[in-house]
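Everything on this sheet refers to the single structure shown next.
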Amino acid sequence: MDPIQMVDLRRQYLKIKKDVDEAVLSVLESTAFINGKPVQDFARALASYTNSDYVIPCANGTDALQIAMMALDLQPGDEVITPSFTYIATTEVVALLRLKPVFVDVDPVTFCIDPVAIRKAITSRTKAIVPVHLYGQSAPMEEIMVIAKEYGLFVIEDNAQAIGSRVRFSDGTERMSGTIGTIGTTSFFPSKNLGGYGDGGAIFTQQAKLAEKLQMIANHGQKVRYYHELVGCNSRLDTLQAAILNIKLENLDIYISARQELAAFYDAAFAGHPAIRTPVKAAYSTHVYHQYTLQLDGVNRDDLHKYLADKSVPSMIYYPVPAHRQQMFSAYGSANTELPVTEWLTERVISLPMHTEMDQEQREYIVKNVIAFLNT
Ligand SMILES: *Cc1c(COP(=O)(O)O)cnc(C)c1O
């Protein structure tokens with residue numbers, strides 16, 4: 059059996075090697091390393107795939123969040139409601155821009171921000187909500203958009219983990235995650251569902267004026283070269299990455315199906331086991347399984363992690379320390395915020411290998427070892 063990895067990028071690369079190598083070589087030949095044609099091609103293809111009016115490529119998913127918040131003219135001290143149960147980038151940029159992160163709890167079933175908690179956290183200083191579509195499934199966007207409308211708040215969807223997931227609304231319409239809020243952001247970090255071979259990111263919006271401003275901020279605040287209207291930054295998607303991402307995007311639906319198929323295998327294998335809660339699919343969103351994350355009950359999560367490691371089965375804890383208890387936020391005094399669901403999940407989640415290239419022997423070996431641990 060080949061070694062099992064959390065994400066097997068090499069096997070995936072070998073399947074598309076000819077196309078990727080050709081695309082990379084053609085960028086090298088063109089020497090159009092900055093803003094070459096593949097960048098515009100990719101932005102257009104991604105807009106079409108997500109049915110988004112505007113897509114602005116940028117350097118990474120963290121920059122995408124930062125540029126989004128810069129474009130909304132938030133003022134120092136303005137409050138931004140975010141989950142604490144997320145990757146640090148979501149909340150870090152809030153603090154970086156001198157805004158105040160207000161950490162709220164998540165739903166124990168979907169792992170995403172809890173609309174009831176959002177309502178409770180709203181004050182006269184609240185300006186924005188940043189839902190995170192964690193592990194590959196959208197936060198309850200319909201409810202979140204209702205709250206945002208009621209209070210006049212911006213919504214920035216952190217869609218780094220759920221690109222390609224579809225959100226259903228009660229009127230029967232469907233939208234791609236990341237295209238519902240005021241702005242959506244995503245990441246093309248190599249291990250993401252749509253990953254490049256280096257860093258990359260993108261910003262989504264359906265508003266022309268906002269798109270122009272986002273584009274300007276990502277490019278030193280200029281529309282016309284050397285005429286800088288706004289304070290911005292330098293955040294570009296590399297041409298080489300765009301060339302690779304064009305090929306990956308063509309395969310994204312195949313990759314999503316492979317992830318869903320592996321998730322279904324895990325679901326069936328763990329079904330009915332009292333110590334394991336497998337990921338729950340929300341009625342309103344398709345799940346693209348960026349992660350396959352179990353909740354354990356009555357067994358020691360860290361012992362399982364170690365047991366699997368001894369059998370050469372990798373597993374990961376996303377995330378071992380919730381944002382509100384990170385030292386970087388000590389000035390906000392948020393460590394004392396009570397987020398019982400977040401705390402509960404932090405102790406009990408474990409993510410199993412999830413990628414597009416897992417073979418039958420590997421998946422059976424993983425399941426066998428998880429169950430062997432539970433039965434000891
Ligand atoms: C990966 C990720 C980011 C940041 O993306 P980078 O491209 O690594 O900067 C932001 N938010 C979430 C939820 C992520 O998973």
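Here my numbering is used: the first residue of the sequence shown is 59, the next is one more, and so on.
The C-beta atom is built at its ideal place from N, Cα and C for all residues, glycine as well.
Using 8 Å for Cβ pairs, my map puts residue i next to residue j. What's the rounded Cβ distance?
{"i": "Thr240", "j": "Val188", "result": "Actually they do not touch by this definition, with Cβ atoms about 11 Å apart."}
{"i": "Lys158", "j": "Val190", "result": "Rounded, the Cβ-Cβ distance is 18 Å, inconsistent with contact."}
{"i": "Ile176", "j": "Val162", "result": "6 Å"}
{"i": "Ile125", "j": "Ser293", "result": "6 Å"}
{"i": "Thr8", "j": "Ala122", "result": "Since the first residue shown for the chain is 59 and the last is 434, residue 8 is missing from the structure and cannot be characterised."}
{"i": "Arg335", "j": "Asp355", "result": "7 Å"}
{"i": "Tyr193", "j": "Pro378", "result": "That pair is no contact at about 15 Å."}
{"i": "Val371", "j": "Ile429", "result": "Rounded, the Cβ-Cβ distance is 12 Å, inconsistent with contact."}
{"i": "Ala269", "j": "Leu432", "result": "About 50 Å; that fails the 8 Å criterion."}
{"i": "Val407", "j": "Tyr365", "result": "Going by Cβ atoms, the distance from Val407 to Tyr365 rounds to 16 Å, so no, they are not a contact pair."}
{"i": "Leu362", "j": "Leu410", "result": "Actually they do not touch by this definition, with Cβ atoms about 10 Å apart."}
{"i": "Glu419", "j": "Met64", "result": "The Cβ separation is near 17 Å, so there is no contact."}
{"i": "Lys267", "j": "Met274", "result": "Contact doesn't hold; Cβ gap of about 11 Å is too wide."}
{"i": "Glu215", "j": "Ile238", "result": "6 Å"}
{"i": "Val152", "j": "Met128", "result": "Not quite, the Cβ-Cβ distance comes to about 12 Å (not below 8 Å), so this is no contact."}
{"i": "Arg421", "j": "Phe328", "result": "Contact flag wrong, Cβ pair sits at about 12 Å."}
Under a Cβ-count criterion, where at least 16 other Cβ atoms within 10 Å of its own Cβ denotes burial, should residue i be classed as buried or exposed?
{"i": "Asp257", "result": "buried"}
{"i": "Gln219", "result": "buried"}
{"i": "Ala117", "result": "buried"}
{"i": "Arg317", "result": "buried"}
{"i": "Phe227", "result": "exposed"}
{"i": "Asp296", "result": "buried"}
{"i": "Thr120", "result": "buried"}
{"i": "Ala174", "result": "Checking the sequence, you will find Val at residue 174 rather than Ala. Exposed, because fewer than 16 other Cβ atoms sit within 10 Å of the Cβ of Val174."}
{"i": "Lys271", "result": "buried"}
{"i": "Asp172", "result": "buried"}
{"i": "Pro96", "result": "buried"}
Given 8 Å as the limit, is there contact between the segment 299-306 and the segment 247-267, that is, 3 or more CB pairs closer than that?
yes
Counting only runs that start and end within the segment 251-313, where is the beta strand (DSSP E) found for 3 or more residues in a row?
259-263 and 280-282
Touching or not, the segment 261-272 and the segment 106-115, by the rule of three or more beta carbon pairs under 8 Å?
yes
Using 8 Å as the Cβ pair cut-off and three pairs as the minimum, do the segment 193-210 and the segment 343-354 touch?
yes
Would you list, in sequence order, the uninterrupted beta strand (DSSP E) runs of no fewer than 3 residues that lie entirely inside the segment 160-200?
184-187
Jot down the residue ranges of each uninterrupted beta strand (DSSP E) in the segment 216-254, minimum 3 residues, whole runs only, in chain order.
224-226, 232-234 and 241-245
Please specify which runs of the alpha helix (DSSP H), each continuous and at least 4 residues long, are wholly inside the segment 86-154, giving them in chain order.
95-108, 119-129 and 146-154
Check whether the segment 83-90 and the segment 278-288 are in contact - that is, three or more C-beta pairs closer than 8 Å.
no
Restricting to runs no shorter than 4 residues, where is the alpha helix (DSSP H) found entirely within the segment 303-388?
310-328 and 359-368
Please confirm if the segment 164-173 is in contact with the segment 389-401, defined as three or more CB-CB distances below 8 Å between the two stretches.
yes
Any contact between the segment 71-86 and the segment 231-240? By contact I mean 3 or more CB pairs, one from each, below 8 Å.
no
Within the segment 389-434, note down every full alpha helix (DSSP H) run reaching 4 residues or more, in order along the chain.
398-406 and 418-432
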